[in-house]
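K.L.:
Going by this note's numbering, -9 is the number at position 1 of the sequence shown; the sequence numbering is gapless.
Backbone N, C-alpha and C define an ideal beta-carbon position, used for all residues, glycine too.
Quick one: the structure is below, and I'll ask about it shortly.
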Amino acid sequence: MNYLAFPLLVLSQIVGPPESRTAVPEYQAKAVSEFADTPETLAIARRAMFEKRYQQLVDAMNLFATRYNESKGNIWPHKEAEAIKKAVRRLESLGPEFQMAKK
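As structure tokens, then:
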């Protein structure tokens, strides 16, 4: 069993071009199903999911900052603020260690 294939498959879903995400879905399903749920593969998948959701949060915050600065602070970009809230909720859904402290 090639343990290098799984992390590469996960990373291709995150950083690969769009055509690689849809190319040969039967192969991808087979490749993922061949791996046992070992602590190592679960940790790799969890880290990849965290990195993807964290990057979505960073992208949402950058877009908000860009829109806010374009208006010189006169307009609140509501759509972008909602995107930040959604990205935070998605990041928090990974587990209790990612949840914001409640005041």
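(1) Are the beta-carbon atoms of Leu47 and Leu84 separated by less than 9 Å?
(2) Looking at the secondary structure, which residues open and close the alpha helix (DSSP H) in which Asp49 lies?
(3) Determine the contact status of Arg79 and Glu70, defining contact as a CB-CB distance below 9 Å.
(4) Whole angstroms are fine: how far does the CA of His68 sit from the CA of Lys75?
(5) Taking 8 Å as the cut-off, does the CB of Val78 come closer than this to any heavy atom belonging to the ligand HEM?
(6) What span of residues does the alpha helix (DSSP H) with Leu81 cover, start to end?
(7) Quick check on the burial criterion: 16 or more other C-beta atoms within 10 angstroms. Buried or exposed for Arg37?
(8) Whose C-beta lies closer than 8 Å to the C-beta of Ala50 among residues of the same chain, with five residues either side of it excluded?
(9) Using only alpha-carbon positions, find the residue among Glu30, Phe54, Leu32, Phe40 that is nearest to Pro86.
P.N.:
The relevant details are as follows:
(1) In the sequence shown, the residue the question calls residue 47 occupies position 57. In the sequence shown, the residue the question calls residue 84 occupies position 94. No, Cβ-Cβ distance for Leu47 and Leu84 is not below 9 Å.
(2) Counting from one through the sequence shown, the residue named residue 49 turns up at place 59. First-last of the alpha helix (DSSP H) with Asp49: 29 to 60.
(3) Start at 1 with the first residue of the sequence shown, and residue 79 comes out as number 89. Start at 1 with the first residue of the sequence shown, and residue 70 comes out as number 80. Going by C-beta atoms, Arg79 is not nearer than 9 Å to Glu70.
(4) Indexing the sequence shown from 1 puts residue 75 at position 85. Indexing the sequence shown from 1 puts residue 68 at position 78. The straight-line gap from Cα to Cα measures roughly 11 Å.
(5) In the structure shown, the ligand HEM is absent, as is every other ligand, since no ligand is present at all.
(6) Here residue 81 corresponds to residue number 91 of the sequence shown, with the count starting at 1. Element bounds for Leu81: 68 to 82.
(7) By 1-based counting over the sequence shown, the position of residue 37 is 47. Answer is exposed; the Cβ neighbour count stays below 16.
(8) By 1-based counting over the sequence shown, the position of residue 50 is 60. The residues are Glu70, Ala73, Ile74, Lys76, Ala77.
(9) Translated into positions along the sequence shown, residue 86 becomes position 96. Taking only the C-alpha atoms, the option nearest Pro86 is Phe40.
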